[in-house]
Amino acid sequence: MDIDWITVSAQVVNFLVLVWLLKRFLYQPVIRAMDRREQSIRNRVDDAVQREQLAESERDAYQNRIAELEAKREELLEEARQSARQTRSQLLDEAREETARARTNWMREVSEEKSAFIDGLRTQTLEVVDLIARNALRDLADETLEEKMAHSLARQIHHLQQELREALRNSKDAIVINSAFELSSSVRSALTRTIHEQVGSAVAVNYARNADLICGIELIGGGLRIAWNLSDYLNQLTTRIDKAFEPLETQSDEA
Amino acid sequence: MTISPDSIVYWQWHALTLNATIVFTWLVMLILTVGSWLVTRNLSEGPELSRLQNLLEVVVTGIRDQIAQVSLQNPGPYLPFVGTLFLFIATANLLNIIPGYQAPTGSLSTTAALAICVFIAVPVFGIANRGAGRFLRHYIQPTPLMLPFNIIGELSRTVALAVRLYGNIMSGTVIVAILLSLTPYFFPIVMQLLGLLTGMIQAYIFAVLAMVYIASATSAQEPEKENTQTSPPSHER
Chain A
6 MDIDWITVSA
16 QVVNFLVLVW
26 LLKRFLYQPV
36 IRAMDRREQS
46 IRNRVDDAVQ
56 REQLAESERD
66 AYQNRIAELE
76 AKREELLEEA
86 RQSARQTRSQ
96 LLDEAREETA
106 RARTNWMREV
116 SEEKSAFIDG
126 LRTQTLEVVD
136 LIARNALRDL
146 ADETLEEKMA
156 HSLARQIHHL
166 QQELREALRN
176 SKDAIVINSA
186 FELSSSVRSA
196 LTRTIHEQVG
206 SAVAVNYARN
216 ADLICGIELI
226 GGGLRIAWNL
236 SDYLNQLTTR
246 IDKAFEPLET
256 QSDEA
Chain B
16 MTISPDSIVY
26 WQWHALTLNA
36 TIVFTWLVML
46 ILTVGSWLVT
56 RNLSEGPELS
66 RLQNLLEVVV
76 TGIRDQIAQV
86 SLQNPGPYLP
96 FVGTLFLFIA
106 TANLLNIIPG
116 YQAPTGSLST
126 TAALAICVFI
136 AVPVFGIANR
146 GAGRFLRHYI
156 QPTPLMLPFN
166 IIGELSRTVA
176 LAVRLYGNIM
186 SGTVIVAILL
196 SLTPYFFPIV
206 MQLLGLLTGM
216 IQAYIFAVLA
226 MVYIASATSA
236 QEPEKENTQT
246 SPPSHER
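Going down the list, the sequences are from chains A and B. Read in order, the letters of the first sequence are residues 6 to 260 in my numbering. Read in order, the letters of the second sequence are residues 16 to 252 in my numbering.
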């Protein structure tokens, strides 16, 4: 437990020197370095925060721009769709009109063709029927038929009205009886007798032959014409055929 | 049996003696200073730093934290003094494992010198922090009657500081010396390890107690609280 006071004072000096040395070489540099590092980290963090804010604002701006572009795109698309719709409907209308026009033209053509065809058909039919009937009757016609026709004419004269009988009676010219074939004398005399009975005995009766009658007989006199003729039947047939074609024509007109 | 390094004299001229205490103190100072200088001459301020710089930063930060914890004040002004106390004592004690080394802290002269430094540093920091009037007034708190006791307390704690460190380190050296003569192979090594632990603990105690004394003088706390703060019995051996 001995204290060497010279050593003590030397150690005090030593310690104070060491304090200064360590302060100079250890504490100050280390603390300064740590402070600077802390400062740089803080700066970096601040910088990062600023950058993050900047990035966030830019991101917001870009998002806004994207949204704007999206809206604009949608608008343009809508416009394009609208215009496409308009064009489409316009084109459709035009096409429809065109089609309708073409169809009308076509229908008119068809209808014209049809009526021409029907007319032709009717004419041909009539001609054919007429021809057949005339040929058939020509083949069939003979004296017996003529006789029957004469009877029929006689019956008509028999049932003639009073005014017509008067007209025949007052006729200046002679009464002419036309026939397609030469009438037999018995038929002639029977006819003449009937006329004399019904109209009057003063009336002259002449007989003539007319091939156009086909198969018929007619009495002409006093402005009258009394006939039994196949032409009448054929005319009736023509009328009937015309009537039969009428619905076809109206149908084609409606279509 | 003389084991004080004071008695190992290398050179003498009249009253001036160059004994082992002073020589090994210079060695410790040299190690600390050169080591610090080597590391701190190119310090990194970026995020990447060398291992030794990391070590120094950990040590300095640890000391700062301890000072802040004990004093509840900004550690800046006290760091050089208290930190150097800790580093010097710790290094001086740790080097004990080197054969032929004589720990300067095993000399009562050294511990007395350190205690005197603390004894002077307390009023210096106190006056610098609170002003002379307010600092001196705390000696007559709570009543002027306490003045002699306060002064005696001041002196006795200084003596205790010196003797505590000296006794611990000297006893460690003595125990190892005795054990070496009795059981020379294994047991002294265990005691050496124990001595390292003791040395670190004593360095910590010395520095913390110094800080506590300085803090009691610099803080504006009530004397009763200061007294409770100044005597942590668990730390004293």
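From the three backbone atoms N, C-alpha and C, an ideal C-beta is built for every residue, glycine too.
{"Query": "Beta-carbon proximity of residue 95 (chain B) to residue 32 (chain A), cut-off 9 Å", "Result": "yes"}
{"Query": "Same chain only: Cβ atoms within 6 Å of residue 181 (chain B), ignoring 5 sequence neighbours per side", "Result": "123 and 126"}
{"Query": "Where the beta strand (DSSP E) containing residue 22 (chain A) begins and where it ends", "Result": "Taken as a continuous stretch (DSSP letters only), residue 22 (chain A) belongs to no beta strand (DSSP E), being part of the alpha helix (DSSP H) at 10-27."}
{"Query": "Residue-chain proximity (residue 34 (chain B), chain A), Cβ-Cβ < 9 Å", "Result": "yes"}
{"Query": "Under 7 Å by beta carbon: chain A residues contacting residue 95 (chain B)", "Result": "24, 27, 28 and 32"}
{"Query": "Beta-carbon gap between residue 179 (chain A) and residue 226 (chain A) smaller than 9 Å", "Result": "yes"}
{"Query": "Interface residues of the region 36-52 of chain A facing chain B [CB-CB below 7 Å]", "Result": "36, 38, 39, 41, 42 and 45"}
{"Query": "Under 9 Å between C-beta atoms of residue 207 (chain A) and residue 182 (chain A)", "Result": "no"}
{"Query": "Pairwise C-alpha distance: residue 117 (chain B) and residue 54 (chain A)", "Result": "57 Å"}
{"Query": "Three-state class that DSSP yields for residue 25 (chain B) in the structure shown", "Result": "strand"}
{"Query": "Straight-line gap, residue 179 (chain B) to residue 148 (chain B) (C-alpha atoms, nearest Å)", "Result": "32 Å"}
{"Query": "Alpha-carbon to alpha-carbon, residue 142 (chain A) and residue 104 (chain A)", "Result": "54 Å"}
{"Query": "Under 7 Å by beta carbon: chain B residues contacting residue 54 (chain A)", "Result": "The premise fails here: residue 54 (chain A) is roughly 18 Å from chain B at the closest Cβ pair, so nothing lies under 7 Å."}
{"Query": "Cα-Cα separation between residue 185 (chain A) and residue 196 (chain A), rounded to whole angstroms", "Result": "16 Å"}
{"Query": "Within 9 Å, strictly: CB atoms of residue 19 (chain B) and residue 185 (chain B)", "Result": "yes"}
{"Query": "Cβ-based neighbour list, residue 130 (chain B), same chain, cut-off 6 Å, excluding 5 preceding and 5 following", "Result": "173, 176 and 177"}
{"Query": "CB contact check: residue 81 (chain A) to chain B, cutoff 9 Å", "Result": "no"}
{"Query": "Helix, strand or coil at residue 32 (chain B) [DSSP, three-state]", "Result": "strand"}
{"Query": "Listed by chain order, chain A residues near residue 37 (chain B) by CB distance under 9 Å", "Result": "12, 15, 16 and 19"}
{"Query": "Host alpha helix (DSSP H) of residue 274 (chain A) (start-end)", "Result": "No statement about residue 274 (chain A) is possible, as the shown extent of chain A runs from 6 to 260 and does not include it."}
{"Query": "Contact residues within the region 181-204 of chain B, judged by C-beta distance below 9 Å to chain A", "Result": "181"}
{"Query": "Neighbour list for residue 8 (chain A) in chain B, Cβ cutoff strictly below 8 Å", "Result": "123, 124 and 127"}
{"Query": "Opposing strand residues paired with residue 223 (chain A) [DSSP bridges]", "Result": "A:183 and A:232"}
{"Query": "Inter-residue CB distance, residue 232 (chain B) and residue 141 (chain B) (contact presumed, cutoff 8 Å)", "Result": "3 Å"}
{"Query": "Identity of the residue in A:127, A:36 and A:18 nearest residue 244 (chain A) by Cα", "Result": "A:127"}
{"Query": "Under 9 Å from the C-beta of residue 176 (chain B): neighbouring residues of chain A", "Result": "None at all; the shortest Cβ gap to chain A is about 14 Å."}
{"Query": "At least 3 beta-carbon pairs within less than 8 Å: the region 37-51 of chain B vs the region 11-30 of chain A", "Result": "yes"}
{"Query": "Test: residue 140 (chain B) CB closer than 9 Å to a CB of chain C", "Result": "As a matter of chain content, chain C is missing from the structure shown, whose protein chains are A and B."}
{"Query": "Runs of alpha helix (DSSP H) wholly within the region 33-92 of chain B (minimum 4 residues, chain order)", "Result": "35-55 and 66-86"}
{"Query": "Rounded Cβ spacing between residue 221 (chain B) and residue 104 (chain B) (contact assumed at less than 8 Å)", "Result": "6 Å"}
{"Query": "Backbone CA spacing between residue 8 (chain A) and residue 80 (chain B) [nearest angstrom]", "Result": "35 Å"}
{"Query": "Helix, strand or coil at residue 176 (chain A) [DSSP, three-state]", "Result": "coil"}
{"Query": "Minimum C-alpha distance to residue 173 (chain A) - residue among A:159, A:230 and A:222", "Result": "A:230"}
{"Query": "Range covered by the alpha helix (DSSP H) that runs through residue 134 (chain B)", "Result": "123-145"}
{"Query": "Pairwise C-alpha distance: residue 212 (chain B) and residue 32 (chain B)", "Result": "32 Å"}
{"Query": "Within chain A, partners of residue 72 (chain B) - CB distance below 7 Å", "Result": "35 and 39"}
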